[in-house]
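FYI, UniProt numbering numbers position 109 of the sequence shown as 109, with every residue one higher than the one before it.
These notes concern the structure reproduced below.
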Amino acid sequence: MVNEAADESEICCPSRLVLDRIGDKWSVLIVLNLGDGPKRFSELRGVLHHVTPKVLTYTLRGMERDGLLTRTVFAEVPPRVEYELTPLGHSLRPVVEPISTWAAEHVDEVLSLRKAHDARSADEFAG
């Protein structure tokens, strides 16, 4: 059942709730990187090279809210925080791993086609 706080578009299309989460720029990469076990914030930042701390924090909080991961704070000095996939988060892995595989297999082709398209567009614009 859809939460009463959801807006009307989410009630009409419940899959939007999930697609908004997994369709963002970083969530899928976080799921893939947490697949091997818990990681600290700095470890995630290290593998997600271009994510800012603010965006990573926002994404992790959203994923925690959606039940895809847990955030564990350890009472140590300095404090240590780890993020780990929940069973729900792990259930997403078989869905996103083929997308990652497809991307790795086709990145060169996509980049080549993108470059060709941009060259055609530049020619059309110029003349």
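Quick reminder that beta carbons are idealized off the backbone N, C-alpha and C, glycines included.
State whether the stretch 102-113 contacts the stretch 31-45, with contact taken as three or more CB pairs (one from each stretch) at a distance under 8 Å.
The stretch 102-113, when compared against the stretch 31-45, does not touch it at the 8 Å Cβ threshold.
Roughly how many angstroms separate the alpha carbons of L68 and L60, rounded to a whole number?
For the purposes of this step, residue 68 is taken as residue 68 along the sequence shown, with counting starting at 1. For the purposes of this step, residue 60 is taken as residue 60 along the sequence shown, with counting starting at 1. Going by the C-alpha atoms only, they are around 9 Å apart.
Among the candidates L19, W26, V31 and G37, whose CA atom is the shortest distance from the CA of K54?
Here residue 54 is taken as the residue at index 54 of the sequence shown, counted from 1. Nearest to K54 by alpha-carbon distance, out of L19, W26, V31 and G37, is W26.
Would you mind stating whether E97 and L34 have Cβ atoms separated by less than 9 Å?
As a first step, residue 97 must be located in the sequence shown, where it is residue number 97. As a first step, residue 34 must be located in the sequence shown, where it is residue number 34. Against a cut-off of 9 Å, the Cβ pair of L34 and E97 comes out as no contact.
Report the CB separation of G46 from R21 in whole angstroms; it is logged as a contact under 8 Å.
In the sequence shown, counting from the first residue as 1, residue 46 sits at position 46. In the sequence shown, counting from the first residue as 1, residue 21 sits at position 21. About 23 Å separates the two Cβ atoms, so there is no contact after all.
Rounded Cβ spacing between T70 and T86 (contact assumed at less than 8 Å):
Locating residue 70 in the sequence shown gives position 70, where the first residue counts as 1. Locating residue 86 in the sequence shown gives position 86, where the first residue counts as 1. The Cβ separation is near 6 Å, so the contact holds.
From the DSSP output, read off the bridge partner residues of L85.
Here residue 85 refers to the residue found at position 85 when the sequence shown is read from its first residue. Checking the DSSP bridge columns, you'll see L85 partnered with L69.
Spatial neighbours of V73 within its chain, please: C-beta separation below 8 Å, excluding the five flanking residues on both sides.
The residue given as residue 73 occupies position 73 in the sequence shown. Within the same chain, Cβ atoms closer than 8 Å to the Cβ of V73 are found at P79, R80 and V81, the five residues on either side in sequence being excluded.
Considering only their Cβ atoms, is the gap separating L19 from S100 smaller than 9 Å?
Translated into positions along the sequence shown, residue 100 becomes position 100. Translated into positions along the sequence shown, residue 19 becomes position 19. The Cβ atoms of S100 and L19 lie no closer than 9 Å to each other.
Spatial neighbours of residue 130 within its chain, please: C-beta separation below 7 Å, excluding the five flanking residues on both sides.
The displayed coordinates of the chain run from 1 to 127. Any statement about residue 130 would go beyond what the structure contains.
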